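Visitor: Can you keep this structure in mind? I'll have questions shortly.
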Amino acid sequence: MLRLYLLLALSLFVCVQMSAQVTLEECIALAEENYPIISKYDLLEQTKEVNLSNINKGWLPQINVYGQGTVQNDTPSLPESLINIINQTGTNIAGLNEWQYRIGADISQNIWDGGTSKVHRKIERAEDAERQAAIDVQLYAVRERVEDLYFGILLMDAQIEQVKNMQLLLQSNLDKLRIMQSNGTAMQSDVDMVEAEYLGTVQQLTQAESASQSYRNVLGLFMGKSIVGQKLVKPEAFIPQDLMPSRPELKYFEKQLQTNEARNASITANMMPKIGLFAQLYYGYTGFDYFENMMNRNPSFNILAGVKLSWNIGALYNKKNDRMKLKLSSDNINVERDIFLFNINLQSRSQLDHIDELKAVIKNNDRIVELRTNVRKAAESQLDNGVIDATALLTKLTDEKQARLTAAYHEIQLLQSIYELKYTLNK
C-alpha cells in the first residue's frame, strides 16, 4: 500500500511539473488566439455575407413609391374650332387642369443583367480573400515578437543559472578564506575582495531576474495568460530542408492578383446589354386618357408595363483604359512580390551563414569550459597552499563563469537563429 501511495505521489509530482512547463509553440498559439485582430476574421465573414446578400437582392423586383403634385403654365388642348363643334352637342370640354397630382409606383425586374451580378459576387469573394490574407500578414508578425520574447527569457534564465553557480563557488571560497584568515594564512583584504565579488553577483542576479520577470509579463500579455513561475522548455530546432519561402505575404500578393482578374471580368459585363421588365402604376390626375381628362377632372387608375432593353454604349469608350489600369496594377503587384522574394532570399542566406558560424563556434565551447574549470580548480588548490592570492583566484573564477555563460548563450543563439530562419521562410 505504501508503494502505491509513493507511485501516486510521484505521478502527481510529474504532472504538476509538466503542467508548469510552457513550450514556444503553445506561446505562439495562445498569442495568436489572444491578439485583438483575430476578431476581424469573423467580422470579415459577416461583411462578406451581407454584401453577397445585397448583390443577390438585386434580382428582386425594384419598387419605387412616389407621390407628386405639379402646376404648369400650359396644358394640351383641342383646337378651338373643334371645341366649339363639340360644345354645340351639349358636351362641355373644360380642358386639362394646370394643377395635376398623382401617387404611384415604378416597378422593374431584371431578366438578364449581362453577368453583372455574377461578376460582383466573384469580386466580393476575391476582395474578402484579399482582406483575410492581409490580416494573415499582420497576425504572422505576432509570431516574431513572441519568439523574440521567448528566447530573451531563455537567455536571462541562462544568465541567472550561471550567476547562481558563480555564487556557490564564491561562497565556498569565501568560507574557506575566512577560515584561513582566522588561522592567519590569509589577509582580510583577500576576504573583502571575494565578498565584494559575491555581493556583485547578488546585484547581477537581481537585475537578471528583474529582466526575466519583465519579459515574462510582456509575453503573458501577448498570451492572455500568466507564465510567472513556469519553466520555458528549450525548443529543438532543425534547419528546414526546403528553403522555398511560403510566407503569408506571398498569398496576399496572389489574392490581390485574383481580385484584379475578377475586376477585369466586370469590364466585359458592363459592356453587355441589360434586359428587364418594367411597370408604372399610379392613381391621380391626369391619366393616360387625356381626352377623358379634358371632359372631367376625376382621378383615375393607370398602368403601363413592358420589356426594356438598355445598353450603355459609353462603357466601350473606357474599356481599353480600364483594362490597362488593371494590367498596370497587376504588374506593380508582381514587382512588389519579386522584391519581397529577393529580400527574403538575401535574409535567409545571411541567416544560414550565421547559423554555420555559430555551429563552428559551439564545437569548442565544451572544451573551453572544461579547461577553465580545471584552471579554476587548480587555482583553488594553489590558494589552499598559499601559492596565489585571492585576486588570481577571482580572475580564474570570472574566466570560468564567462566561458559557461558564453557556451549557454551560443546554444540559445543558435536555436534563435534557426527559428529566425524558419520565421523568414515560414517553415
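FYI, in mature numbering (1 follows the signal peptide of the UniProt record, and there is no 0) the residues of the sequence shown are -20 to -1, 1 to 407. The beta-carbon is built from N, C-alpha and C at its ideal position, and this holds for glycine as well. A quick note: this is a predicted structure, and the numbers were derived from the prediction, not measured.
DSSP state of Q210, grouped into three classes?
Guide: In the sequence shown, counting from the first residue as 1, residue 210 sits at position 230. The answer is coil: DSSP assigns Q210 none of H, G, I, E or B.
Visitor: Per the contact definition of three or more C-beta pairs closer than 8 Å, is the stretch 77 to 87 in contact with the stretch 259 to 266?
Guide: Contact between the stretch 259 to 266 and the stretch 77 to 87 is present, because at least three Cβ pairs lie under 8 Å.
Visitor: Quick one: what's got a C-beta closer than 6 Å to V117's C-beta in the same chain, skipping five residues either side?
Guide: Within the sequence shown, residue 117 is the residue found at index 137, counting from 1. So the qualifying residues of the chain are P228, E229, Y232.
Visitor: In angstroms, rounded to a whole number, what distance separates the CA positions of W291 and A249?
Guide: Within the sequence shown, numbered from 1, the residue matching residue 291 stands at position 311. Within the sequence shown, numbered from 1, the residue matching residue 249 stands at position 269. Cα to Cα, W291 sits roughly 11 Å from A249.
Visitor: Taking 9 Å as the threshold (beta carbon to beta carbon), is L76 in contact with chain D?
Guide: Of the protein chains in the structure, only one exists, and it is not chain D.
Visitor: If I'm right that L212 touches L134 with Cβ under 8 Å, what's the distance once you round it to whole angstroms?
Guide: Position 232 of the sequence shown, counted from the start, is the residue given in the question as residue 212. Position 154 of the sequence shown, counted from the start, is the residue given in the question as residue 134. Their Cβ separation, rounded to whole angstroms, is 6 Å, which keeps L212 and L134 in contact under 8 Å.
Visitor: Using the C-alpha atoms, what's the distance from S192 back to I8?
Guide: To locate residue 8, count along the sequence shown from 1; it is residue 28. To locate residue 192, count along the sequence shown from 1; it is residue 212. Looking at the two C-alpha atoms, the distance is approximately 18 Å.
Visitor: Alpha helix (DSSP H) containing D22: first to last residue?
Guide: Here residue 22 is taken as the residue at index 42 of the sequence shown, counted from 1. Where D22 is concerned, the enclosing alpha helix (DSSP H) stretches over 19 to 36.
Visitor: Measuring CA to CA, which of K305, N90, V174 is closest to I43?
Guide: The residue you call residue 43 lines up with position 63 of the sequence shown. The shortest C-alpha separation from I43 is found at N90.
Visitor: Exposed or buried, what is L129 when buried is set at 16 or more other beta-carbons lying within 10 Å of its beta-carbon?
Guide: Position 149 of the sequence shown, counting from 1, holds the residue named residue 129. Under this definition L129 is a buried residue.
Visitor: For E107, count neighbouring Cβ atoms within 10 angstroms of its own Cβ and tell me buried if that reaches 16, exposed if not.
Guide: Taking the first residue of the sequence shown as position 1, residue 107 is located at position 127. Looking at its Cβ environment, which holds 16 or more other Cβ atoms inside 10 Å, E107 is buried.
Visitor: If S328 sits next to L405, beta carbons under 8 Å apart, how far is it from one beta carbon to the other, in whole angstroms?
Guide: Stepping through the sequence shown from its first residue, residue 328 is reached at position 348. Stepping through the sequence shown from its first residue, residue 405 is reached at position 425. Right, their Cβ atoms sit about 6 Å apart.
Visitor: Is the separation between the beta-carbon of V174 and that of L157 shorter than 9 Å?
Guide: Within the sequence shown, numbered from 1, the residue matching residue 174 stands at position 194. Within the sequence shown, numbered from 1, the residue matching residue 157 stands at position 177. For V174 and L157, yes; Cβs fall inside 9 Å.
Visitor: Under a three-way DSSP split, which group does F218 fall into?
Guide: The residue given as residue 218 occupies position 238 in the sequence shown. If DSSP states are grouped into helix, strand and coil, F218 belongs with coil.
Visitor: Cα separation between T353 and D369?
Guide: The sequence position of residue 353 within the sequence shown is 373, counting from 1. The sequence position of residue 369 within the sequence shown is 389, counting from 1. Going by the C-alpha atoms only, they are around 18 Å apart.
Visitor: Between which two residues does the beta strand (DSSP E) carrying Q260 extend?
Guide: For this step, residue 260 is matched to residue 280 along the sequence shown. It spans 254 to 265 - the beta strand (DSSP E) in which Q260 sits, taken as one unbroken run.
Visitor: Taking DSSP's pairing of strands, which residues face K288 in a bridge?
Guide: On the sequence shown, position 308 is the one that residue 288 refers to. DSSP output for K288 lists G256 as bridge partner(s).
Visitor: From W79, L237, T27, pick the residue whose C-alpha is nearest to that of Q52; which is it?
Guide: Here residue 52 refers to the residue found at position 72 when the sequence shown is read from its first residue. Cα-wise, what sits closest to Q52 is W79.
Visitor: Below 8 Å on the Cβ atoms is my guess for E104 versus N31; work out the distance and round it to an integer in Å.
Guide: Counting from 1 along the sequence shown, the entry for residue 104 is found at position 124. Counting from 1 along the sequence shown, the entry for residue 31 is found at position 51. Indeed they touch by this definition, with Cβ atoms about 5 Å apart.
Visitor: Can you check which of these residues, R347, K98, K407, A372, is closest to T386 by C-alpha distance?
Guide: Within the sequence shown, residue 386 is the residue found at index 406, counting from 1. The shortest Cα separation from T386 among R347, K98, K407, A372 belongs to R347.
Visitor: Determine the direct distance from the alpha carbon of A372 to that of L394, and round the result to whole angstroms.
Guide: Locating residue 394 in the sequence shown gives position 414, where the first residue counts as 1. Locating residue 372 in the sequence shown gives position 392, where the first residue counts as 1. Distance between the alpha carbons of L394 and A372: 33 Å.
Visitor: With distance defined between alpha-carbon atoms, name the residue in K376, N278, Q396, L23 nearest to N153.
Guide: Numbered from its first residue, the sequence shown carries residue 153 at position 173. Nearest option by C-alpha distance: K376.
Visitor: Short of 6 Å in beta carbon distance, which residues of its chain neighbour G209, apart from the five on each side in sequence? Order them along the chain.
Guide: Here residue 209 is taken as the residue at index 229 of the sequence shown, counted from 1. Once the five neighbours on either side are set aside, G209 has no close Cβ partner at all.
Visitor: Check whether the stretch 166 to 183 touches the stretch 355 to 370, counting contact only when three or more Cβ pairs, one atom from each stretch, lie closer than 8 Å.
Guide: Short answer: they touch.
Visitor: Expressed to the nearest angstrom, what Euclidean distance is found between the alpha-carbon atoms of E241 and K254?
Guide: On the sequence shown, position 261 is the one that residue 241 refers to. On the sequence shown, position 274 is the one that residue 254 refers to. The alpha-carbon atoms of E241 and K254 are separated by roughly 23 Å.
Visitor: Compare the beta carbon distance of I219 and L332 with 9 Å and say whether it is the shorter of the two.
Guide: The count along the sequence shown starts at 1 and reaches residue 219 at position 239. The count along the sequence shown starts at 1 and reaches residue 332 at position 352. Cβ atoms of I219 and L332: closer than 9 Å.
Visitor: State the DSSP-derived secondary structure class of V(-5), mapped to helix, strand or coil.
Guide: To locate residue -5, count along the sequence shown from 1; it is residue 16. At V(-5) the pLDDT is 40, less than 50, meaning the model places this residue with poor confidence and gives no usable figure here.
Visitor: So, using beta-carbon positions, are Q161 and V171 closer together than 9 Å?
Guide: Reading the sequence shown from its first residue, position 181 is the one you call residue 161. Reading the sequence shown from its first residue, position 191 is the one you call residue 171. Going by C-beta atoms, Q161 is nearer than 9 Å to V171.
Visitor: What does DSSP give as the partner residues of A340 in its beta bridges?
Guide: Here residue 340 refers to the residue found at position 360 of the sequence shown. Per DSSP, none; premise fails for A340.
Visitor: On a CA-only basis, which of L374, R384, N323 is nearest L351? Give me that one, please.
Guide: Indexing the sequence shown from 1 puts residue 351 at position 371. Out of L374, R384, N323, R384 has the C-alpha closest to the C-alpha of L351.
Visitor: With 16 other CB atoms within 10 Å as the buried threshold, where does N36 fall?
Guide: Translated into positions along the sequence shown, residue 36 becomes position 56. Classification for N36: exposed.
Visitor: Using three-state DSSP, classify T50 as helix, strand or coil.
Guide: In the sequence shown, the residue the question calls residue 50 occupies position 70. The answer is strand: DSSP assigns T50 an E or B state.
Visitor: Closest to A176 by C-alpha separation, out of L150, L199, N197, would be which residue?
Guide: The count along the sequence shown starts at 1 and reaches residue 176 at position 196. When each option's Cα is compared against that of A176, the closest is L150.
Visitor: Whose CA, out of G94, K235, L4, P215, lies closest to the CA of residue 413?
Guide: Limits of the chain in this structure are -20 at one end and 407 at the other, which puts residue 413 out of reach.
Visitor: May I have the straight-line CA-CA distance separating Y389 from L199, to the nearest angstrom?
Guide: Locating residue 389 in the sequence shown gives position 409, counting from the first residue. Locating residue 199 in the sequence shown gives position 219, counting from the first residue. Their Cα atoms are separated by approximately 20 Å.
Visitor: Could you please give me the residues that DSSP links to N298 through a beta bridge?
Guide: What you label residue 298 is simply residue 318 of the sequence shown in a count that begins at 1. Note: N298 sits in no beta bridge, so no partner.
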